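Novice: Numbering (this note's numbering), first residue to last: 3 to 111. Pasting a structure below so you can have a look.
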């Protein structure tokens, strides 16, 4: 079990996907994402294994949730700065998105 205080340590924000590239060097199929988390957090990079459910073009402009306060992680030759959140489903990873358009950088609470 984790405490509510543990949950509050996670900084989960809304980011808009502004660039998508194929991640050829990843061991498992993935995309390189560039996300805009607003003025306070800025633009961050993420590697996301979401190729089963999403075409690259469909991701542009999509708002998703991401953990912005994990330490950066090197994946092949790429530094992933945020963890984009998704649900592991039978069809693949499905991204978690706000139901309505919100401001980039808004915090989950």
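The beta carbon of each residue, even a glycine, is placed where N, CA and C say it ideally should be. Nothing here was measured: the structure is a model prediction, and the numbers come from that model.
Name the residue from 34, 41, 51 whose alpha carbon lies nearest to the alpha carbon of residue 91.
Specialist: The shortest C-alpha separation from residue 91 is found at 51.
Novice: From residue 110 to residue 42, what does the alpha carbon distance come to, in whole angstroms?
Specialist: Between residue 110 and residue 42, the C-alpha separation is close to 15 angstroms.
Novice: How long is the line joining the alpha carbons of residue 100 and residue 49, rounded to whole angstroms?
Specialist: If you take the alpha carbons of residue 100 and residue 49, they lie about 20 angstroms apart.
Novice: Who are the Cβ neighbours of residue 56 in its own chain at under 6 angstroms, not counting the five residues just before and after it?
Specialist: Cβ within range, chain order: n/a, list empty.
Novice: Could you have a look at residue 40 and say whether DSSP puts it in helix, strand or coil?
Specialist: Helix at residue 40.
Novice: Run through DSSP, which three-state label would residue 78 get?
Specialist: Coil.
Novice: Where does residue 10 fall in DSSP's three states?
Specialist: DSSP places residue 10 in helix when its eight states are reduced to three.
Novice: With which residues is residue 19 paired in a DSSP beta bridge?
Specialist: Paired residues: 37.
Novice: Which whole-angstrom value describes the C-beta separation of residue 38 and residue 106, a residue pair presumed to lie in contact below a C-beta threshold of 8 angstroms?
Specialist: With 8 angstroms as the limit, residue 38 and residue 106 qualify as a contact, their Cβ atoms being about 5 angstroms apart.
Novice: Short check: CB of residue 33 to CB of residue 45, under 7 angstroms?
Specialist: Contact: no.
Novice: Looking at C-alpha atoms only, which residue of 78, 86, 108 is the closest neighbour of residue 61?
Specialist: For residue 61, the nearest C-alpha among the options comes from 86.
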